[in-house]
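**Student:** Going by the working numbering, the first residue of the sequence shown is number 93, and it counts up by one from there.
Quick reminder that beta carbons are idealized off the backbone N, C-alpha and C, glycines included.
Quick caveat, the model's predicted, so the values are computed rather than measured.
Have a look at the structure that comes next, please.
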Amino acid sequence: MEPSLPLATHTLKSSKLKNKVFIIFISMVLCTALLGLLQLKFLKPRYKDFYSFDVKDWRGRTMSLEKYRGKATLVVNVASYCQHTEKNYIMLQELQREFGSSHFTVLAFPCNQFGEMEPGLNDEIIYFAKSNYGVTFPIFSKIKILGSEASPAFKFLIGKVVSLLSCMLCLLVQCYFRQKNVQIKICWIGNSYLKNCFYYLNLFKYS
Numbered sequence: 093m094e095p096s097l098p099l100a101t102h103t104l105k106s107s108k109l110k111n112k113v114f115i116i117f118i119s120m121v122l123c124t125a126l127l128g129l130l131q132l133k134f135l136k137p138r139y140k141d142f143y144s145f146d147v148k149d150w151r152g153r154t155m156s157l158e159k160y161r162g163k164a165t166l167v168v169n170v171a172s173y174c175q176h177t178e179k180n181y182i183m184l185q186e187l188q189r190e191f192g193s194s195h196f197t198v199l200a201f202p203c204n205q206f207g208e209m210e211p212g213l214n215d216e217i218i219y220f221a222k223s224n225y226g227v228t229f230p231i232f233s234k235i236k237i238l239g240s241e242a243s244p245a246f247k248f249l250i251g252k253v254v255s256l257l258s259c260m261l262c263l264l265v266q267c268y269f270r271q272k273n274v275q276i277k278i279c280w281i282g283n284s285y286l287k288n289c290f291y292y293l294n295l296f297k298y299s
């Protein structure tokens, strides 16, 4: 029986070595997973406001909304075949013309999710808006506002709106006014909001 003892000892040592290797491997996997989770938590972009987001212009180029920081910004989703399209585009352009030189801008985001009223391509949407209504405010790439593919910037805005039911209306608006480093959020729902804009923008312009 004595010749078998060295073999048993060798087998025992080999088993212990394998266990150590396995433990080290599992530890490395757990550490890697933990580091990954920490990176997701701490390196994930933090958006403090609407202007922290990147969006795509109508040509599909990524751009930062940071350039509009400090302005009174009217953010609106638009559609070319809505029953209120003509009236709203006319009033939006009138707002831009009247207040565009006073730290104000309209930012328009086409969307086809509400009744499929914006089926066109980006260049078709731009041509329609400029040729029919002479718009001078920025119109961005067509986006989705609801669902898993919703634009992150609009997800942020919708989170600030009182009710998600407001998204079912033709236009969803949130206007930011910055005075004395205090942000006042104003949201109009429905077709009367543009008239209210003139009143509040005049207060902003001459205050």
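Compare the Cα-Cα distances from residue 144 to each of 151, 152, 160 and report the closest residue.
**Tutor:** 160
**Student:** When the Cβ atoms of the segment 166-174 are set against those of the segment 199-218, are three or more pairs found closer than 8 Å?
**Tutor:** yes
**Student:** Assuming residue 245 is part of the alpha helix (DSSP H), what are its boundary residues?
**Tutor:** Note, residue 245: alpha helix (DSSP H), 244-250.
**Student:** Could you give the residue range of the alpha helix (DSSP H) that holds residue 223?
**Tutor:** 214-225
**Student:** Hey, would you say residue 149 sits closer than 9 Å to residue 248, going by beta carbons?
**Tutor:** no
**Student:** What is the C-beta distance between residue 199 and residue 165, in whole angstroms, given that I count them as a contact (C-beta under 8 Å)?
**Tutor:** 6 Å
**Student:** For the candidate residues 229, 214, 244, whose alpha-carbon lies nearest to that of residue 189?
**Tutor:** 229
**Student:** Could you spell out where the beta strand (DSSP E) holding residue 148 opens and where it closes?
**Tutor:** For residue 148, the enclosing beta strand (DSSP E) has its first and last residue at 146-148.
**Student:** Apply the 10 Å Cβ neighbour rule to residue 180 and answer buried if 16 or more other Cβ atoms are within range, or exposed otherwise.
**Tutor:** buried
**Student:** Let me know the secondary structure DSSP gives residue 228 once reduced to three states.
**Tutor:** coil
**Student:** Under a Cβ-count criterion, where at least 16 other Cβ atoms within 10 Å of its own Cβ denotes burial, should residue 169 be classed as buried or exposed?
**Tutor:** buried
**Student:** Are residue 157 and residue 221 touching if we call contact CB-CB under 9 Å?
**Tutor:** no
**Student:** Which partner residues of residue 155 appear in the DSSP bridge assignment?
**Tutor:** 147
**Student:** DSSP three-state label for residue 182, please.
**Tutor:** In this structure, residue 182 counts as helix in the three-state DSSP scheme.
**Student:** Where does residue 193 land, buried or exposed, given buried means 16+ other C-beta within 10 angstroms?
**Tutor:** exposed
**Student:** Is it buried or exposed, residue 224, if we count other Cβ atoms within 10 angstroms and call 16 or more buried?
**Tutor:** exposed
**Student:** Between which two residues does the beta strand (DSSP E) harbouring residue 199 extend?
**Tutor:** That run of the beta strand (DSSP E) goes 196-202.
**Student:** Determine the closest residue to residue 240 out of 205, 162, 231, 219, with distance taken between C-alpha atoms.
**Tutor:** 205
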